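Trainee: Here it is, the structure in full.
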Amino acid sequence: DDGSTLEEVVVKRLLDRGATLALVEVGSRGRLAASLAGVKGMERLLVTAQSAPTEDRMLTALGVPAATWSEWGIPSERVKGLASAAATRAGCGWSLAIGELLQGGSVVWLAFGSPDDHWEMQLVPMRGTGETAYAGLTT
């Protein structure tokens, strides 16, 4: 253990791969981008970070057509679609999206995509309520 934070380890590993990252945040209010802002190397890794209060607003920001949105259907596919759209728009190989809070604010979908179109999807439980829950999405 060299004392590195989780954010520092992730950024270093992605940079070691020559990665660029597109970040989309709906359910986290931009907190992940804020927590990554001070990490060494972020200026080389992060190409775009977008935050919106709802998925509908994020669709507009990313220029996703309504017809495409309706094809994505279920929440996990919508979050994957937002991540993919952001990566394509920014010319990035890697993407990460945090979707809207679901089930009364108790869970949120994360989608992490790689350049070879491999996707990791995770339904993450929120701990606490209000600002405490949002703060729990970062270290």
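One gets my numbering by counting positions in the sequence shown from 1 and adding 16 to each.
Every residue, glycine too, gets a C-beta built ideally from N, C-alpha and C.
Quick caveat, the model's predicted, so the values are computed rather than measured.
1) In this structure, how does DSSP classify S130 when only helix, strand and coil are distinguished?
2) Between the stretch 69-87 and the stretch 135-144, do three or more beta carbon pairs fall short of 8 angstroms?
3) Classify G34 as buried or exposed, calling it buried when 16 or more other Cβ atoms lie within 10 Å of its own Cβ.
4) Would you give the residue range spanned by the alpha helix (DSSP H) that G107 belongs to?
5) If we call anything under 8 angstroms between Cβ atoms a contact, is L98 one with V40?
6) Who does Q119 pair with in a DSSP beta bridge?
7) Should the stretch 45-62 be regarded as contacting the stretch 121-130, the criterion being three or more beta carbon pairs within less than 8 angstroms?
8) T70 by DSSP, collapsed to three states: which one?
Mentor: On the basis of the data shown:
1) Residue state, collapsed to three classes: coil.
2) The stretch 69-87 vs the stretch 135-144: no contact.
3) Taking all protein chains in view, the Cβ of G34 is surrounded by fewer than 16 other Cβ atoms within 10 Å, so the residue is classified as exposed.
4) Segment: none, G107 is in no alpha helix (DSSP H) and carries neither H nor E.
5) Going by C-beta atoms, L98 is nearer than 8 angstroms to V40.
6) For Q119, which the question treats as bridged, DSSP gives no partner whatsoever.
7) Taking 8 angstroms as the limit for Cβ pairs, the verdict is that the stretch 121-130 does not touch the stretch 45-62.
8) T70 carries a coil assignment under DSSP once its states are collapsed to helix, strand and coil.
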